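Number of protein chains: 2
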Amino acid sequence: MINGRFATAIHILTLLAREEGDVASSYIAGSININPVLVRKEISVLRDAGFVATQEGKNGGSRLAVRPSKIRLSDLYKIIYREGLFTHSKNMPNQHCAVGRRIGTIMDNLNVEAEQALLKRLHAISIQDLLDKV
Amino acid sequence: MINGRFATAIHILTLLAREEGDVASSYIAGSININPVLVRKEISVLRDAGFVATQEGKNGGSRLAVRPSKIRLSDLYKIIYREGLFTHSKNMPNQHCAVGRRIGTIMDNLNVEAEQALLKRLHAISIQDLLDKV
DNA sequence: TGTTCTGTAATAAAAATAATTACAGAATGA
DNA sequence: TCATTCTGTAATTATTTTTATTACAGAACA
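Protein chains in written order, with the UniProt record's numbering: chain A, 1 to 134; chain B, 1 to 134.
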């Protein structure tokens with residue numbers, strides 16, 4: 001679902017987009033109302049993607065590394081749902097049944113279609129757009 | 001995610017679309033490789049929606065109640081994800097923070113946008129279309 | 001009237017998410 | 001220098017969600 005990590009990432013980035021200096025993970029966690037460790041983990045993903053920069057040590061924290069208008073939600077989606085939002089069931093369908101044999105491929109194609117539709121829409125929305133709504 | 005119940009429903013309907021008479025839940029469960037009770041539960045939802053008809057008792061089972069071309073995946077999606085695929089986190093964000101105060105509405109809007117994009121695509125695909133691929 | 005289906009409730013097991021604890025290392029500055 | 005306050009990350013626990021199982025009443029049929 002689009003919540004969970006995706007919502008967390010959006011919240012983090014929108015918050016950072018509004019703040020001047022380095023923002024501590026505990027502060028961000030206080031705004032989202034989740035555990036600071038989860039924030040740090042998500043930030044490490046965002047950092048790997050080049051969206052944020054982090055300063056360790058006292059008075060440290062994170063800040064945006066690019067302009068908010070450069071962060072599209074489609075990028076975020078791809079980073080976070082690397083393995084596809086619409087994942088496989090791990091129960092192997094019955095291969096002796098014609099439908100069971102084909103359903104895997106059918107669902108795969110469907111997932112691709114669905115994700116493409118989603119990404120196309122998310123591509124048009126940036127963190128700046130969300131920021132404008134705050 | 002699009003799997004789980006959604007994939008189950010699609011599998012059930014595609015199977016029923018290929019079969020002549022009433023199909024038992026245990027047979028369907030054997031094709032999907034899940035528990036028959038889950039199949040019966042999902043069928044009860046599909047029945048409430050008017051897509052399938054069920055015959056109880058010996059030699060009973062389910063069959064399609066409408067033509068496969070009349071069942072669009074967008075309909076299925078709506079039936080199954082009544083409360084929205086992209087649901088809320090139940091942690092209330094910090095209302096003393098400007099971002100925390102607005103993020104709920106922002107995510108709600110985003111979810112609507114995302115679902116609309118998804119539904120638009122799913123609207124163009126029917127069970128008949130999937131059947132043609134089997 | 002026994003057999004074989006369904007419907008559904010209740011419970012248990014498994015998987016996915018989120019929270020917490022713990023601690024080493026980095027930067028700061030008194 | 002060294003106490004303080006940050007981060008990063010591993011390990012564990014707790015919670016929630018999803019799936020599976022068990023159980024049994026009722027329907028239809030031969």
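From the three backbone atoms N, C-alpha and C, an ideal C-beta is built for every residue, glycine too. Since this is a predicted model, take the numbers as computed values, not measurements.
Cross-chain neighbours of residue i in chain B, by beta carbon under 9 Å
| i | result |
| --- | --- |
| A/Leu122 | Leu110, Glu113, Ala114 and Ala117 |
Beta-carbon gap between residue i and residue j smaller than 7 Å
| i | j | result |
| --- | --- | --- |
| B/Pro93 | B/Ile103 | yes |
| B/Ala98 | A/Val134 | yes |
| A/Ile79 | A/Ala49 | yes |
| A/Arg121 | B/Ala117 | yes |
| B/Asp108 | B/Gln55 | no |
| A/Gly30 | B/Ser31 | no |
Beta-carbon contacts of residue i that lie in its chain and below 8 Å, excluding the five residues immediately before and after
| i | result |
| --- | --- |
| A/Ile10 | Leu73, Leu76, Ile127 and Leu130 |
| B/Ile34 | Thr8 |
| B/Asn59 | Asp22 |
Run of the beta strand (DSSP E) containing residue i, from where it starts to where it stops
| i | result |
| --- | --- |
| B/Ala53 | Val52 to Gln55 |
Cβ neighbours of residue i in the same chain (closer than 7 Å, five flanking residues each side left out)
| i | result |
| --- | --- |
| A/Val52 | Leu16, Ile43, Leu46, Ser62, Arg63, Leu64 and Ala65 |
| A/Leu119 | Ser74 and Tyr77 |
| B/Met1 | Its pLDDT being 48, under 50, B/Met1 is placed unreliably in this model, and the value from its coordinates should be taken loosely. Result list for B/Met1: empty, nothing under 7 Å. |
| B/Ser26 | Pro36 |
| residue 143 of chain B | The question about residue 143 of chain B has no answer, for chain B in this structure spans 1 to 134. |
| B/Gln95 | Arg101 |
| B/Ile71 | Leu13, Phe51, Ser126 and Ile127 |
| B/Ile28 | Ile12, Leu15 and Val39 |
| B/Glu19 | none |
Residue i: first and last residue of the uninterrupted alpha helix (DSSP H) it sits in
| i | result |
| --- | --- |
| B/Gly60 | Neither: B/Gly60 is in no alpha helix (DSSP H) and is coded neither H nor E. |
| B/Gly4 | Taken as a continuous stretch (DSSP letters only), B/Gly4 belongs to no alpha helix (DSSP H), as it is neither H nor E. |
| A/Val37 | Pro36 to Asp48 |
| B/Ala29 | Ser25 to Ile32 |
| A/Ile127 | Ile127 to Lys133 |
Contacts of residue i in chain B (Cβ-Cβ under 8 Å)
| i | result |
| --- | --- |
| A/Pro93 | His11, Ser31, Ile32 and Asn33 |
| A/Thr54 | Within chain B, no residue comes near A/Thr54; the closest Cβ sits about 19 Å away, beyond 8 Å. |
Chain-ordered chain A contacts of residue i [CB-CB under 8 Å]
| i | result |
| --- | --- |
| B/Ser44 | Neighbours of B/Ser44 on chain A: none; closest Cβ ~20 Å, over 8 Å. |
| B/Arg18 | Ala98 and Val99 |
| B/Arg5 | Within 8 Å Cβ-Cβ: nothing; B/Arg5 doesn't reach chain A, min ~10 Å. |
| B/Arg102 | Lys133 and Val134 |
Own chain, CB closer than 6 Å to residue i, minus 5 neighbours either side, in chain order
| i | result |
| --- | --- |
| B/Pro68 | Ala17, Ile127, Gln128 and Leu131 |
| B/Ala24 | Gly61 |
| A/Ser89 | none |
Interface partners of residue i on chain A, CB under 9 Å
| i | result |
| --- | --- |
| B/Ser89 | Asn3, Gly4, Ala7, Thr8, Ile32, Asn33 and Ile34 |
| B/Ile80 | Near B/Ile80 there are no residues of chain A at all, since even the closest Cβ is about 13 Å away, more than 9 Å. |
Partners in chain A for residue i, counting only beta-carbon separations shorter than 7 Å
| i | result |
| --- | --- |
| B/Leu38 | Per Cβ cutoff of 7 Å: no residues; B/Leu38 is ~11 Å from chain A at best. |
| B/Ile106 | Leu130 and Lys133 |
Proximal chain B residues relative to residue i, where beta-carbon distance stays under 7 Å
| i | result |
| --- | --- |
| A/Leu15 | Val99 |
Minimum length 4: unbroken alpha helix (DSSP H) runs contained in the region 65 to 101 of chain A = For the region 65 to 101 of chain A, whole alpha helix (DSSP H) runs of length 4 or above, ordered along the chain, are 73 to 80.
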